[in-house]
Amino acid sequence: MKLNTILLTAAAATAFNLGSVQFPFSHEPFESSLLLDLHKSLVERPSITGSEKHVTDFLKAYLQDAGFTVETQEVAKNRDNILAYYNNTRKTKVLVTSHIDTVPPFWPYERRGDEIWGRGTVDAKGSVAAQIIAVEELFDKKEVSEGDVALLFVVGEETGGPGMGNVNDLGLSWESVIFGEPTELKLARGHKGGLGFTIKANGKAGHSGYPETGSNAIDSLVRGLAALQKIELPGSKEFGNSTLNVGRIEGGVAGNVIPASAYATGGVRVAGGTPEGIRDLIRQAVEE
């Protein structure tokens with residue numbers, strides 16, 4: 204976890220034109236620290252997408268105690284984004300941000316020697332803790348000042364990003380934004396986008412002994428999914444190929460009943476092109 208602090212500090216220094224000093228990584232067993240204590244407090248509180256309130260409440264109190272001005276932005280009932288900055292200057296040059304929700308199921312915090320286990324340990328509570336401590340240290344050392352940097356922590360990143368979408372309503376913009384995500388300790392300037400889709404097929408129910416009386420929705424769905432595998436998705440030099448995954452299929456009521464409906468859900472990791480263009484490719488492949 205100490206490495207994340209070093210990387211974030213280096214990234215922030217670049218954004219503020221403070222120089223490009225690099226610090227050596229350490230592989231020594233870690234002891235307790237402000238960073239590790241904060242990280243533990245975050246990980247041991249469940250925040251599965253849709254139920255982030257425990258972590259939101261904790262972070263709000265922590266940041267206020269640390270001297271930040273804290274705003275909450277309601278995304279849905281009991282689901283708030285957090286914006287934190289020093290004094291009264293909410294518009295800053297740089298924004299440091301990550302998300303506080305996790306995928307299910309909750310996995311309690313656990314130490315195994317020099318390893319930390321638990322849901323959100325890396326994605327993305329490791330980033331949240333490192334970002335907060337790094338910004339605090341930069342202010343304590345007077346390497347940044349009021350108006351230079353703000354912190355933003357959002358809900359709902361794992362399921363479509365409604366939290367980050369609502370950030371547009373804050374009426375703010377920044378010269379630079381540093382996103383905290385697992386990047387194998389590398390500074391990255393972008394990543395693939397995401398596009399989800401659902402394909403539904405309708406048929407006509409009937410007894411499997413008399414197939415001519417019905418229309419099998421699963422058969423239709425399978426043909427559509429097979430067509431998806433032949434799509435040539437756009438890519439880019441920076442991010443490589445776009446990829447498509449069908450993650451769930453459901454349909455029918457019993458093995459001896461012709462299914463009247465079926466559906467599949469999936470997603471595309473978008474490396475190039477536009478969401479609208481990829482939707483059109485999916486639609487054309489399935490309809491043909």
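Taking the numbering used here, the leading residue of the sequence shown gets 204, the next gets one more, and so forth.
Note that CB positions come from ideal geometry on N, CA and C, so glycine has one too.
Bear in mind the structure is a predicted one, so any value in this text is a computation, not a measurement.
Tyr289 is bridged by DSSP to Phe271.
The beta carbon of Leu355 sits closer than 6 Å to those of Leu286, Leu298 and Thr300, all from its chain and outside the five residues before and after it, given in chain order. The segment 415-432 and the segment 449-458 touch, with no fewer than 3 CB-CB distances between them shorter than 8 Å.
Within the model, the alpha-carbon separation for Ala264 versus Ala279 is close to 20 Å. Spatial neighbours of Trp310 in its own chain (CB-CB distance under 6 Å, excluding positions within 5 residues in sequence) are listed in chain order as Gly321 and Arg322. With a threshold of 16 other beta carbon atoms within 10 Å, Lys243 meets it and is buried. Where Lys403 is concerned, the enclosing beta strand (DSSP E) starts and stops at Gly396 to Asn405. For Glu479, the enclosing alpha helix (DSSP H) has its first and last residue at Pro478 to Glu490. Using a 10 angstroms sphere on the CB of Lys328, the tally of other CB atoms reaches 16 or more, which defines it as buried. Relative to Glu415, the option among Pro462, Glu318 and Phe342 whose CA is nearest is Pro462. Straight-line measurement puts the Cα of Glu491 at about 49 Å from the Cα of Gln334.
According to the DSSP secondary-structure assignment, Leu355 is paired through a beta bridge with Leu286 and Thr300.
Cβ contact annotation for Ile336 (same chain, cutoff 7 Å, sequence separation greater than five): Thr208, Leu237, Leu238 and Leu241, in chain order. Excluding its 5 nearest sequence neighbours in each direction, Gly476 has C-beta neighbours in its own chain below 6 Å: Pro437, listed in chain order. In the structure shown, the three-state DSSP call for Phe342 is helix. A straight-line Cα-Cα distance of about 10 Å links Ile485 and Leu447. Arg482 counts as exposed, since fewer than 16 other beta carbons sit within 10 angstroms of its beta carbon.
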